[in-house]
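Asker: Line by line, the protein sequences give chains A and B.
With our numbering applied, the first sequence corresponds to residues 1 to 184, in that order.
With our numbering applied, the second sequence corresponds to residues 1001 to 1241, in that order.
Idealized CB from N, CA, C, for every residue including glycine.
Quick one: the structure is below, and I'll ask about it shortly.
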Amino acid sequence: MAKYFEKTDKWVVTFKYPLEPLEPPRELRGKPEINPDLCIGCGACAEACPPNAITKEIDYREGYAKIKIFYGRCIYCGRCWEVCPEGAIVLTNIFEMATPSKDDLIYEVNLELHTCSRCGRYTEFTERQVHRAYTLLTGIPRERRKELLDRMFLCRDCRRQVFSHDALRNRRTDKYGRASQTPF
Amino acid sequence: MGGRPRPRFRSVWVFHVDASACNGCDIEVLDVLTPFYDVERFGVKLVPTPRQADALLVSGSVNRQAVIGLKRVYEAMPPKPRIVAAVGACAIAGGIFYDSLAVYGGVDKIIPVHIYIPGCPPRPEAILFGLGQLLGLVNKKIEPRILYPGRRVLDRKYGVLFNERLYKDLRYYLTRYVGYYDRDYILDDLLEIINSSRTVEELREKIMDKASRLKDPRLREVYSIAGGYIVEKIREETGAV
C-alpha cells in the first residue's frame, strides 16, 4: 500500500498549465504576424483571407496603406502565409490571446503610398511595391525595360494619358495624312 | 506553493450555451473538463441550469433562433456576478459567417462580454488561459500593435547566379512539392548553397552532394528535384542575356 502511494506522484497526468508556463509545439498554427521589414502592402493576404480577418484600406489623405489583422475573426487556416509573395506573414505558435478587451486583438501595419512622378498625387500602391517591381525587372531586355520604366512611377490616370498621347503621336497615317482605321 | 497568485473568484459555476456553433468549440470545452486539462482544480464546474451558474461560456455566431435562447439564459442567471465568456472566433465577431444575414455576428451585440477567447476552435490550453484570466490567476499577454515601418524594404542579398525573379520561381516551385510550412526551411538552406557557389556546375555538384548526405528519402527527392530546376532556370536566364 505504501508503495502504491509512492508511485502515484509519477502517475499524475494533469497539466499545471495556467500556473506554470507551457512550451507549445513549433508547428502549432497560432497568431499570424506580419514582419514589418518585409511586407510591401500588396494586399494578397487580404484577398485570400476567408473570414476577412485581414483587410487592406488605403488612406489617401494621410498617404498610408493599412494592412490590418483582427485576431478575433482569424481561423488560423494559413492561407495568408501561403499567398504572401514576400514571405512576410508567418503563423507563429502563440495561442495565449484571451483578453477582456476586443481592441487588444488588432495588429496594423501602415505603409507609405507612392506619389505619382507626373501629377504628385498619391497612387493606390505603396512605395515598397514600386521598389519590388523595379528589382523584378532584372532579366528583361533593355529596350522593353526602358518602356516599362517610363510608366512605372506614374499613377493610373497619368499612365493612361501618357499611353494615349504616345499612341496618337505614333499613329499610322495613309499617303493623304489621314489616320488609318487601326492606329496601333 | 507560496508564489501562487490568489484567485479573484472561487469556484465559479459555469453554464455552457451553444449559440449555433459548429460543435468544434463545444468539443474543446468538453476537453477542458477531462483529467488531462482538469479545469475543476480551480473550482470551475459545469452546471446543468443557468439558475445555478455564475458564468456563461458562449460559443457560436449567434443566429436568429439562438438569440432567443441566449437572452432567456442570461435573464435566468442570478443577477451577480453574471460573467460571460465568448469562446471561439464566431462568438467574438462572427468568424467566417460574419457577413451572413442569418447571423448577429458576436455575442457582445446581445449581452455584455467579460472575456474573449480567440481560436477556431481555441485549444484547451487557450480556454484554460482565458478562464485563468477570469479567475485572476494570469495576466493578458496581448496588446494592440500599430506599426509604421517606413518606406525602406529589406532586400535579400543574392550571389552571382541568382536574382529576385529566380528566387520567387523557386519559392513557388518548392511550395508545390512540400507545402508552405517546410518550404521556408528548405529554401533558406538552398539559398545558402546558391549564394556560396560561383558556377552552375559547382552549384549542381553542391546540391547533389547535400542531397546524398540526407537521411530522409523524401527530403533527398525534393533537394534533387529543386536542384535540377534551379540549374535549368539559371541556364535559361544566362542564355537569354
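1) What residues match up with PHE70/A in a beta bridge as DSSP calls it?
2) Determine the extent of the beta strand (DSSP E) in which PHE125/A is found, giving its start and end residues.
3) Do LEU111/A and TYR60/A count as a contact pair if the criterion is CB distance below 8 Å?
4) Rounded to a whole number of angstroms, what is the C-alpha to C-alpha distance between LEU1176/B and ILE1207/B?
5) Quick check: the Cα distance between PHE184/A and GLN161/A, rounded to an integer number of angstroms?
6) In terms of residues, what are the limits of the alpha helix (DSSP H) holding TYR1181/B?
7) Looking at CYS84/A: is its Cβ nearer than 8 Å to the Cβ of ILE67/A?
8) Mind listing the chain A neighbours of GLU1143/B? Cutoff is C-beta to C-beta under 8 Å, in chain order.
9) Taking TYR1104/B as the reference, which of ALA1093/B, VAL1113/B, PRO1112/B and HIS1114/B has the closest Cα?
10) Buried or exposed, going by whether 16 or more other CB atoms sit within 10 Å of the CB of SER1100/B?
11) Spatial neighbours of LEU28/A within its chain, please: CB distance less than 6 Å, with the 5 preceding and 5 following residues excluded, ordered by chain position.
12) Let me know if LEU1174/B comes out buried or exposed under the rule of 16 or more other beta-carbons within 10 Å of its beta-carbon.
13) If we call anything under 8 Å between Cβ atoms a contact, is ALA1089/B one with ARG73/A?
14) Could you pull out every residue in the same chain whose Cβ sits closer than 6 Å to the Cβ of PRO1050/B, ignoring the five residues on either side in sequence?
15) Near ARG1123/B, what residues of its chain come up, given a Cβ to Cβ distance below 8 Å and the 5 sequence neighbours on each side ignored?
16) Which chain A residues are close to GLU1164/B, counting only those with a beta carbon under 7 Å from its beta carbon?
17) Could you please tell me which residues of the stretch 1065-1082 of chain B, in chain order, have their CB closer than 9 Å to any CB of chain A?
18) Can you list, in chain order, the residues of the stretch 1026-1039 of chain B whose Cβ is nearer than 7 Å to any Cβ on chain A?
19) Note down the Cα distance separating PRO100/A from GLY1136/B, rounded to an integer number of angstroms.
20) Spell out whether any CB of chain B is found under 8 Å from the CB atom of PHE184/A.
21) Closer than 8 Å, Cβ to Cβ, to anything on chain B: give me those residues from the stretch 104-125 of chain A, in chain order.
22) Distance, Cα to Cα, VAL1178/B vs TYR1167/B?
23) If I measure Cβ to Cβ from ASN1195/B and keep anything under 7 Å in the same chain, skipping five residues before and after, which residues do I get?
24) Please name the residue or residues paired with PRO32/A in a DSSP beta bridge.
25) Within 8 Å (strictly less), CB to CB, does ILE75/A reach chain B?
26) Just to confirm before moving on: does the CB-CB distance between LEU1128/B and ALA1085/B stay below 8 Å?
27) Given CYS42/A, which residues of its chain have a CB within under 7 Å of its CB, disregarding the five upstream and five downstream residues?
28) At a Cβ threshold of 8 Å, is PRO1118/B touching chain A?
29) Please classify TYR176/A as buried or exposed, where buried requires at least 16 neighbouring CB atoms within 10 angstroms.
30) Comparing alpha-carbon positions, which option in LEU1187/B, TYR1181/B and ASN1139/B lies nearest ARG1156/B?
31) Compute the Euclidean distance between the alpha carbons of SER1011/B and ASP1054/B, then round it to the nearest angstrom.
32) With DSSP as the reference, label ALA98/A as helix, strand or coil.
33) Mapping the DSSP letters down to three states, classify VAL1241/B as helix, strand or coil.
34) Counting only the same chain and skipping the five closest in sequence on each side, list residues whose C-beta sits under 7 Å from that of ARG1220/B.
Answerer: According to the data block:
1) ILE106/A
2) 122-126
3) no
4) Here the sequence assigns Arg to residue 1176/B, which means Leu is not the residue at that position. Between ARG1176/B and ILE1207/B, the C-alpha separation is close to 19 Å.
5) With a pLDDT of 49 at PHE184/A, under the threshold of 50, the modelled position of this residue cannot be trusted; read the value that follows with caution. The alpha-carbon atoms of PHE184/A and GLN161/A are separated by roughly 16 Å.
6) Run containing TYR1181/B: 1164-1196, per the alpha helix (DSSP H) assignment.
7) The beta carbons of CYS84/A and ILE67/A sit no closer together than 8 Å.
8) ASP104
9) ALA1093/B
10) exposed
11) So the qualifying residues of the chain are ASN93.
12) buried
13) yes
14) PHE1015, VAL1073, ALA1076 and MET1077
15) GLU1028
16) THR135, LEU136 and THR138
17) none
18) PRO1035, PHE1036, TYR1037 and ASP1038
19) Approximately 12 Å, taken between the alpha carbons.
20) Since pLDDT at PHE184/A reaches only 49, below the 50 mark, its modelled position is unreliable, and the value read off the structure follows with that caveat. PHE184/A does not count as touching chain B.
21) ASP104, LEU105, ILE106, TYR107, GLU108, VAL109, ASN110, LEU111 and GLU112
22) 16 Å
23) TYR1158, GLY1159 and PHE1162
24) LEU91/A
25) For ILE75/A, the answer is yes, since a Cβ of chain B falls inside 8 Å of its Cβ.
26) no
27) PRO85 and GLN129
28) yes
29) exposed
30) LEU1187/B
31) 9 Å
32) coil
33) Confidence at VAL1241/B is low in this model, with a pLDDT of 46, below 50, so the placement of that residue is unreliable and no value is reported for it.
34) Counting only Cβ-Cβ distances below 7 Å, and skipping sequence neighbours, we find ALA1211 and LEU1214.
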